[in-house]
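Report on the structure given below.
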Ligand code: KG4
Ligand code: ZN
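In the numbering used here, the protein residues as written are 212 to 623.
Below you can see the structure in the form of structure tokens.
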């Protein structure tokens, strides 16, 4: 069976093509990704810009993924089909302009389904991928499967520790249930419990900012570019290596709240307050604003290098402490046998180390699965993996009715 998948929920445009075999082997035939760098200066993802970039990049990525289907002669589509295609892509004129020549120059690929992320995420961005899936489905007469982006992140951790994209062949692990997933990304912070495959209950979630969002906003206040998580991680590691004094202490939000929810907006405010005290009033652009419309400039990075490193370490350790404590409580309450940690923030070395330590010391019977770093941030391969069982069960959607759901939830 072959699945073509599309991911456009945030700032990564992805196209993947996989082939599944009866013995469970999955073969990656293509995995194309284009990460938008244009947001770096804005301190966060700028939705209109992101949408435009998805529309620009989808067809070039499709061409790479399906290059073996490029024909010498042009494929003929009737006037009626062209009209229908224009209707399907009415909201995506840029995509329409590129997809027509692509379809005319490529024969129908040998695929059984098209999987597309339909939520959660930025709706204008989700629509680009959805419209593309609808157009391909119509022209090639291939059914569509809608995939929840967060389910994709869970499947990204089920590829096994030996997984390497370059090797291209692997099998999906069969985890022991109950399974707890800690999903930490730029848009989400969730603890999700699965009693069995494909069944999800939200155990805890953020009440305001997502953990990656908090990293990104704190980074911006420190004069660092988006995405901020890796930059804070690098400075924090330097602070540890240099054994810098612990000058800064931040509050650990919701650590003792008694439930499994998170809150990270207070941490951002605490960092802003600390910075204001340290270097006087910040430029009005900061002002605690969460807007993504102001640029970050190096001139606002007024802390001495070591102060910046020490503060980055305190931010990272505060976030890690909260994630570890809530995960510990969730494992205790759920009796989970497997812990999955996935999403962009799970690429953090320090957070991985702390969670590994928690499992080794307090839950030695629990199997800990991280998504490989290559799959921690958004990609289309994870969307194809999450689609496999849905395609097998023929859970196809009426593509006419498929709509973007920015706030789509995983389970209850
Ligand atoms: O999963 P993802 O690629 O996109 C969403 O679905 O949101 O996650 C992006 C987030 C950003 O907030 C980024 O700062 C964070 O993941 N991130 C990290 C690291 N790499 C990416 N945070 C901490 N440490 C990292 N190494
Ligand atoms: Zn994501």
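Built from N, CA and C at the ideal position, the CB exists for glycine as well.
For residue i and residue j, which I take to be in contact (beta-carbon distance under 8 Å), what is that distance rounded to the nearest angstrom?
i	j	result
residue 475	residue 425	4 Å
residue 396	residue 554	3 Å
residue 285	residue 315	5 Å
residue 289	residue 268	Between residue 268 and residue 289 the Cβ distance is about 29 Å, and since that is not below 8 Å, they are no contact.
residue 355	residue 340	With a Cβ gap of about 11 Å, residue 355 and residue 340 do not count as contacting.
residue 404	residue 412	5 Å
residue 270	residue 313	5 Å
Grab me the residues of residue i's own chain with a C-beta within less than 7 Å of its C-beta, minus the 5 sequence neighbours each way, in chain order.
i	result
residue 537	402, 415, 471, 473
residue 429	439, 443, 479, 482, 526
residue 544	none
residue 465	472, 473, 474, 533
residue 321	213
residue 451	524
residue 359	330, 619, 621
To the nearest angstrom, report how far apart residue i and residue j are at their CA atoms.
i	j	result
residue 484	residue 606	50 Å
residue 438	residue 256	9 Å
residue 226	residue 515	43 Å
residue 593	residue 377	15 Å
residue 387	residue 548	6 Å
residue 611	residue 296	12 Å
residue 489	residue 221	34 Å
residue 478	residue 462	7 Å
residue 503	residue 551	Only weak support is given to the placement of residue 503: the predicted model assigns it a pLDDT of 38, under 50, and the question is left unresolved by the model.
residue 599	residue 215	11 Å
residue 558	residue 444	10 Å
residue 224	residue 345	17 Å
residue 468	residue 533	11 Å
residue 710	residue 361	Past the edges of the chain, shown from 212 to 623, lies residue 710, and the structure says nothing about it.
residue 455	residue 253	30 Å
residue 264	residue 247	7 Å
residue 272	residue 608	24 Å
residue 621	residue 294	36 Å
residue 398	residue 392	15 Å
residue 530	residue 364	20 Å
residue 573	residue 334	40 Å
residue 324	residue 342	15 Å
residue 565	residue 241	34 Å
residue 367	residue 394	11 Å
residue 577	residue 407	16 Å
residue 389	residue 379	29 Å
Please work out which residues of its chain come closer than 8 Å, Cβ to Cβ, to residue i, disregarding the five sequence neighbours upstream and downstream, and give them in chain order.
i	result
residue 370	381, 383, 384, 582, 583, 586, 596
residue 460	525
residue 563	552, 557, 581
residue 521	450, 455, 456, 457, 458, 459
residue 517	450, 453, 455
With residue i as the anchor, note down where its alpha helix (DSSP H) starts and where it stops.
i	result
residue 430	422-432
residue 365	360-367
residue 349	334-351
residue 293	290-299
residue 545	516-545
residue 310	304-316
residue 443	439-452
residue 259	258-276
residue 489	476-490
residue 569	560-573
If you drop the 5 nearest sequence neighbours on each side, which residues of the same chain put their C-beta closer than 6 Å to that of residue i?
i	result
residue 275	243
residue 311	none
Assign residue i to buried or exposed, taking buried as 16 or more other Cβ atoms, counted over all protein chains shown, within 10 Å of its Cβ.
i	result
residue 291	exposed
residue 519	buried
residue 614	exposed
residue 458	exposed
residue 603	exposed
residue 331	buried
residue 374	buried
residue 235	exposed
residue 571	exposed
residue 317	buried
residue 447	buried
residue 229	buried
residue 231	buried
residue 601	buried
residue 590	buried
residue 302	exposed
residue 308	exposed
In terms of residue numbering, what span does the beta strand (DSSP E) encompassing residue i cover?
i	result
residue 416	412-416
residue 213	213-218
residue 229	223-231
residue 327	324-330
residue 238	236-246
residue 405	400-405
residue 588	Neither: residue 588 is in no beta strand (DSSP E) and is coded neither H nor E.
residue 394	390-395
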